[in-house]
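In what follows, a structure is listed as structure tokens, so that the remarks can point back to it.
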Amino acid sequence: MRYPEYLKEEGVIGLVAPSFGCTFEPYKSCLDAAIKRFEGMGYKIVEGPNCRRDDGIGISSTPENCGKELTDYYCSGDNDVLISCGGGELMCETIDYVDFEAVKQANPKWYMGYSDNTNFTFLLNTICDTASIYGPCIGAFGMHELHPALNDAIKALTGALNIVSGYDRFELESLKDEEHPLAPYNLTEEKELRLFMGENEMNRLPGFTGRITGGCLDCLANLVGTKYDNVDAFNEKYKDEGIVWFLEACDLNVMSIRRALWNLDRAGWFKYAKGFIIGRPLAAYKQELMGLDQYNAVTGILGKYNVPIVMDADVGHLPPAMPIISGAMVDVTVEGGNLSLSYVGSFSK
1 MRYPEYLKEE
11 GVIGLVAPSF
21 GCTFEPYKSC
31 LDAAIKRFEG
41 MGYKIVEGPN
51 CRRDDGIGIS
61 STPENCGKEL
71 TDYYCSGDND
81 VLISCGGGEL
91 MCETIDYVDF
101 EAVKQANPKW
111 YMGYSDNTNF
121 TFLLNTICDT
131 ASIYGPCIGA
141 FGMHELHPAL
151 NDAIKALTGA
161 LNIVSGYDRF
171 ELESLKDEEH
181 PLAPYNLTEE
191 KELRLFMGEN
201 EMNRLPGFTG
211 RITGGCLDCL
221 ANLVGTKYDN
231 VDAFNEKYKD
241 EGIVWFLEAC
251 DLNVMSIRRA
261 LWNLDRAGWF
271 KYAKGFIIGR
281 PLAAYKQELM
291 GLDQYNAVTG
301 ILGKYNVPIV
311 MDADVGHLPP
321 AMPIISGAMV
331 DVTVEGGNLS
341 LSYVGSFSK
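Under the UniProt record's numbering, the first residue of the sequence shown carries the number 1, and numbering increases by one thereafter.
The structure is reproduced here in structure tokens:
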């Protein structure tokens with residue numbers, strides 16, 4: 001696994017928009033405020049040509065333009081790390097125009113984003129054997145007061161994040177809108193993990209270790225069986241370490257979550273799983289359809305592996321979310337109702 005150099009003092013942050021750009025509120029104000037914050041911290045910002053475009057369908061511009069921007073900025077020596085402008089809907093079309101051979105030959109670089117950005121954070125791991133950061137997009141850093149999760153993401157970029165733990169409360173309904181673009185997280189809900197060993201709910205779980213990867217199920221299910229599905233080779237390379245899978249869902253209902261997991265399972269993705277970290281689902285949170293809820297949607301497919309499953313974790317679309325160094329070796333512990341990720345040997349190779 002290749003690990004990029006960390007963002008140094010006065011380093012250059014590149015912004016790219018392989019999914020949505022920042023052209024309307026509240027995202028435009030969030031982008032401007034985030035740039036101001038990072039520049040106030042001494043960093044330089046360079047924007048890709050698509051960051052403020054909206055001539056695409058489900059992404060900032062055409063797939064050709066988005067793929068070229070992502071390739072050019074990843075391979076460029078004019079920036080040190082990349083942060084995505086946002087999530088979106090159709091970044092899968094962008095990757096048709098990403099030059100993955102050029103990315104593999106370039107010096108590795110931290111790329112941070114989540115949701116639709118799974119189409120690059122995950123493929124960096126599995127195709128390019130390069131670590132990435134599943135974490136917030138640039139606009140999140142524009143809020144008035146940074147939540148500890150956002151400070152953790154900055155630590156991930158700068159190499160100061162050896163251990164990250166979950167947070168006490170989370171948001172169901174955002175306060176951010178056109179009139180309040182920089183509102184903080186609306187932390188109304190108390191975080192409570194649900195723990196399973198196989199299909200059996202537990203009060204405690206043993207710790208587990210492996211190489212962590214994953215992302216948004218909405219995206220991962222679309223990659224199965226395509227030319228971008230290099231998971232079998234990735235699994236075989238790291239089978240002695242085993243894989244820790246982190247998974248979360250955006251638009252999927254509970255039935256769709258189960259179908260997506262069935263798809264990944266039947267493709268053999270989980271054969272070396274050491275454990276699963278499942279984030280709070282956005283659309284399916286507390287949903288029940290015909291006896292299926294967010295919990296047995298997962299355990300009904302993954303329970304057969306008889307490994308730890310941590311659910312309702314601080315990962316994904318209901319913030320705050322822990323930044324995850326995807327591709328790194330990690331020790332996972334659950335103590336006192338909280339999940340902690342300890343990155344082994346400073347991202348040991």
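Cβ coordinates follow ideal geometry from the N, Cα and C atoms, glycine included.
What do you get for residue i, buried or exposed, if any count of 16 or more other CB atoms within 10 angstroms of its CB means buried?
i           : result
residue 143 : buried
residue 24  : exposed
residue 105 : exposed
residue 121 : buried
residue 273 : buried
residue 102 : exposed
Does DSSP classify residue i as helix, strand or coil?
i           : result
residue 115 : helix
residue 9   : coil
residue 126 : helix
residue 52  : coil
residue 274 : strand
residue 44  : strand
residue 167 : coil
residue 185 : coil
residue 29  : helix
residue 346 : In this predicted model, residue 346 has a pLDDT of only 48, less than 50, meaning its place in the structure is not dependable; the value taken from the coordinates is given anyway. Correct three-state label for residue 346: coil.
residue 172 : coil
residue 232 : helix
Could you tell me the distance, in whole angstroms, from the CA atom of residue i to the CA atom of residue j?
i           : j           : result
residue 200 : residue 194 : 11 Å
residue 278 : residue 39  : 35 Å
residue 14  : residue 343 : 25 Å
residue 4   : residue 74  : 11 Å
residue 349 : residue 86  : With a pLDDT of only 41 at residue 349, under 50, the local geometry of the prediction cannot be trusted, and the value read off the model is given with reservation. Looking at the two C-alpha atoms, the distance is approximately 30 Å.
residue 47  : residue 66  : 13 Å
residue 212 : residue 32  : 33 Å
residue 112 : residue 304 : 32 Å
residue 190 : residue 173 : 13 Å
residue 346 : residue 332 : Because the pLDDT at residue 346 is just 48, under 50, the model does not fix this residue reliably, and the point stays unresolved.
residue 232 : residue 327 : 15 Å
residue 258 : residue 237 : 27 Å
residue 76  : residue 44  : 15 Å
residue 128 : residue 100 : 7 Å
residue 96  : residue 63  : 8 Å
residue 136 : residue 285 : 20 Å
residue 256 : residue 265 : 14 Å
Identify the continuous beta strand (DSSP E) that holds residue i and give its terminal residues.
i           : result
residue 245 : 243 to 248
residue 66  : Unbroken run through residue 66 is the alpha helix (DSSP H), 63 to 75; no beta strand (DSSP E).
Along the chain, where does the alpha helix (DSSP H) containing residue i start, and where does it finish?
i           : result
residue 257 : 254 to 266
residue 152 : 148 to 158
residue 298 : 296 to 302
Apart from the five residues just before and just after residue i, which ones in its own chain have a Cβ nearer than 7 Å to its Cβ?
i           : result
residue 140 : 150
residue 26  : 176, 177, 178, 181
Leaving out the 5 sequence neighbours to the left and right, which residues in its chain are closer than 6 Å to residue i when beta-carbon positions are compared?
i           : result
residue 37  : 141
residue 280 : 312, 318
residue 262 : 301
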